[in-house]
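To convert, count from 1 in the sequence shown and add 27; that's the numbering used here.
Heads up, the thing below is written out as structure tokens.
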Amino acid sequence: RAKGLRRLLSYASRETLELMRDPIRLTMSFLGSMVLMVVIGYGITMDVEDLSYAVFDRDQSSISLDYRNALSGSRYFDEKPAITSYADMDKRMKSGEISLAVEIPPEFGQYVHKGEQVEIGAWIDGAMPSRAETIEGYVTGIHVKWLLQQASQMSQAQSSSSINVVSRYLYNPDIRSLVAIVPAVIPMLLLMIPALLTSLAVVREKELGSIINLYVTPVSKLEFLLGKQLPYIATSFISFLLLVAMAVWLFNVPLKGDVLALFVIALLFVTFSTSFGLLASVFTNSQIAAILLTTIGTMVPAVQFAGMITPVSALEGAGRLIGEVHPVSYFLLASRGIFSKGLGFGTLDFAVFAIAIAIPITLWLATVLLNKQER
């Protein structure tokens, strides 16, 4: 056992020296993650604010003016010059100048005073369906609020205005996208970057021919792989600490939960991601193939199936299956839960188990494939 440990540490020391002598990989291991954190953190947003809109007021009454003020007073909308005709509305919608056009019909004020039914047109740019649905929700909410205010002022429909639904957002009261995106970016980067770096560890020796040293020495395949892996686990965990620091102090995302739990789960996860990199490195025979396989094998699950944008429970078919079994889904849940909900080990034991069980499975596959390469 002592000899095996010495052999393992010998390979780890050698891989560390090679990493230190390669400025590109060393820079990528730290600076790459930090740059991507900034780009993705600020680049991906679910906030829909400052929506450009214009009003086609065909009534020009005090009531229609009050309705227009209800829209312009919202932080979600940015009012543009009034629409003068249907042709003007069509032209400005096509050019992208406005995302929403509100048409107030003639005699709108009179209909409101009489309590008669009247329709207000809301023309929404539907080129981006999810954004269009959000705009529709904003307009509907403002419209309902305005109706209640009118009913209260006119002493009508008292029963409808005496009962209100008050919504409160837990864990993210300001509804900031950064609070949801940044904790989700950390698992994505800790899956992609460590795996990419580790994917070159074995295949590089194949290309150089130095892999033959493995076959003529008493070192076991597992000792060889773990020795290759240890330096990347260390650099990946340091990168994780830097990402957490950026999340807290640069993006102002509160870290409410158990820090120790986050660190332990992150350490397990970077062990898995580097194990996946080793698997790709053993499976392929060229560095380009290893990078391509690792990129596809990490980016697709992290972005599409882990719940970063769409919850895993909302997925179907193969996507749902991948999301249910892939460790990145569990680290993402843990990261968001610890950052935003104040979770700890007590509620995240399932995540610890799911990630931990994936490590020996991945390393076993890498060991088996390395044996095949030897033959």
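We treat Cβ as the ideally placed atom computed from N, Cα and C, and that holds for glycine.
Span separating the alpha-carbon of L282 from that of Q177: 43 Å
C-beta contact flag for A293 and F264 at 8 Å: yes
C-alpha gap between D376 and I71, whole angstroms: 30 Å
Cut-off 7 Å between Cβ atoms - residues of its own chain near L342, not counting five sequence neighbours on either side: F332 and G350
Per DSSP, cross-strand counterpart(s) of A149: V129
Three-state secondary structure assigned by DSSP to S79: strand
Pick from I131, K368, F372 and A128 that is closest to P210, judged by C-alpha positions: K368
Stretch pair the region 357-371 + the region 229-249: three plus CB contacts closer than 8 Å: no
Enclosing beta strand (DSSP E) for F104 [first to last residue]: F104 to E106
Environment of R33 [buried if 16+ CB atoms lie within 10 Å]: exposed
CA-to-CA distance, Y38 to S204, given in whole angstroms: 43 Å
A427, buried or exposed, once every other Cβ within 10 Å from all chains shown has been counted against 16: Since the displayed the chain opens at 28 and closes at 402, residue 427 lies outside it and no answer follows.
K255, buried or exposed, once every other Cβ within 10 Å from all chains shown has been counted against 16: buried
8 Å Cβ cutoff met for I208 and A288: no
N-terminal and C-terminal residue of the alpha helix (DSSP H) that H140 is part of: F135 to K141
S226 versus V66 - alpha carbon distance: 24 Å
N- and C-terminal bounds of the alpha helix (DSSP H) containing L342: It is not in any alpha helix (DSSP H) - L342 carries neither H nor E in the DSSP assignment.
Cβ pair E134, G148 closer than 8 Å: no
Identity of the residue in H353, G371 and L397 nearest A381 by Cα: H353
Boundaries (first-last residue) of the alpha helix (DSSP H) holding Q314: Q314 to V327
Close beta carbons around I169, own chain, < 7 Å, minus the five adjacent residues each side: A97, L98 and S101
The region 321-335 touching the region 296-306, judged by at least three CB pairs closer than 8 Å: yes
Delimiting residues of the alpha helix (DSSP H) encompassing D117: Y113 to S122
Contacts around E76, its chain only, beta-carbon distance under 8 Å, and the 5 residues preceding and following it disregarded: R102 and Y103
Cβ neighbour criterion (16 or more within 10 Å) applied to S40: exposed
Straight-line Cα distance separating L223 from L319: 9 Å
Chain D contact for L53 (CB, 8 Å cutoff): You won't find chain D in this structure, because it holds only one protein chain.
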